[in-house]
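A short worksheet on the structure shown next.
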Amino acid sequence: MLARLIFSVCTAVTCLSSLLVFGLSWWPLLFLALAAFVCLSLYIKALDYIAILLARVGGVLALLGLALLMLAATVGGSFHLSPSNWLMAGLMLTMALSGLSAFFWQHAEPETAEE
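Sequential numbering of the sequence shown, starting at 2, is according to our numbering.
Dropping the structure here:
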């Protein structure tokens, strides 16, 4: 439960930072919706399975985005990232790690009625 909250907060902070640095785009808004959905799954147990799958996809996409950012930093023959890109790299790394932790999350078991 704590891992889902960490993933949701980390994703929201990454997206808000991206909106401030790079401007309005669909991807940060989509990931904000993803963070809200995962956070909502804390309270609505029927959404657990979908939230776990979406968190896994979000973690993989954040890892791919981080790899592309590192690849873009090497253009020109030397490694250089601006301070805003260092911030984005760190946030995307924490988002990727917390999202990839979803491979170990357990979904809630449905309650059975005992007679």
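For glycine and all other residues, C-beta sits at the position ideal for the given N, C-alpha and C. What you are looking at is a predicted structure, and each value in this text was computed from that prediction instead of being measured.
(request) Could you say which of 47, 45, 12 lies nearest to residue 33 if we only look at CA atoms? (result) The residue you call residue 33 lines up with position 32 of the sequence shown. Of the candidates 47, 45, 12, 12 places its Cα closest to the Cα of residue 33.
(message) Just to check my reading of the structure: residue 67 and residue 90 have Cβ atoms closer than 8 angstroms, yes? What is that Cβ distance to the nearest angstrom?
(response) Position 66 of the sequence shown holds residue 67. Position 89 of the sequence shown holds residue 90. By a beta-carbon distance limit of 8 angstroms, residue 67 contacts residue 90. Their separation comes to about 6 angstroms.
(request) Check whether the region 18 to 25 touches the region 47 to 58, taking contact to mean three or more Cβ pairs, one atom from each stretch, closer than 8 angstroms. (result) Contact fails: fewer than three Cβ-Cβ distances are below 8 angstroms.
(message) Rounded to whole angstroms, what is the Cα-Cα separation between residue 1 and residue 41?
(response) Nothing about residue 1 can be reported from this structure: the residues present for the chain run from 2 to 116 only.
(request) From the DSSP output, in three-state form, read off residue 53 for me. (result) Numbered from its first residue, the sequence shown carries residue 53 at position 52. DSSP places residue 53 in helix when its eight states are reduced to three.
(request) Whole angstroms is fine: what's the gap from residue 43's alpha carbon to residue 93's? (result) Along the sequence shown, read from residue 1 onward, the residue named residue 43 stands at position 42. Along the sequence shown, read from residue 1 onward, the residue named residue 93 stands at position 92. Answer to the nearest angstrom: the Cα atoms are 23 angstroms apart.
(request) Give every residue of the same chain whose Cβ lies closer than 6 angstroms to the Cβ of residue 99, excluding the five residues on either side of it in the sequence, and list them in chain order. (result) For this step, residue 99 is matched to residue 98 along the sequence shown. Sequence-distant partners of residue 99 (beyond 5 residues in either direction) whose C-beta falls short of 6 angstroms from its own C-beta, in its chain, are 7, 8, 11.
(message) Given a cut-off of 8 angstroms on the beta-carbon distance, is the pair residue 52 and residue 97 in contact?
(response) Residue mapping note: residue 52 aligns to position 51 of the sequence shown, counting from 1. Residue mapping note: residue 97 aligns to position 96 of the sequence shown, counting from 1. Taking 8 angstroms as the Cβ cut-off, residue 52 and residue 97 do not qualify as a contacting pair.
(request) Would you tell me roughly how many angstroms separate the C-alpha atoms of residue 81 and residue 65, rounded to the nearest one? (result) Position 80 of the sequence shown, counted from the start, is the residue given in the question as residue 81. Position 64 of the sequence shown, counted from the start, is the residue given in the question as residue 65. Roughly 19 angstroms between the two C-alpha positions.
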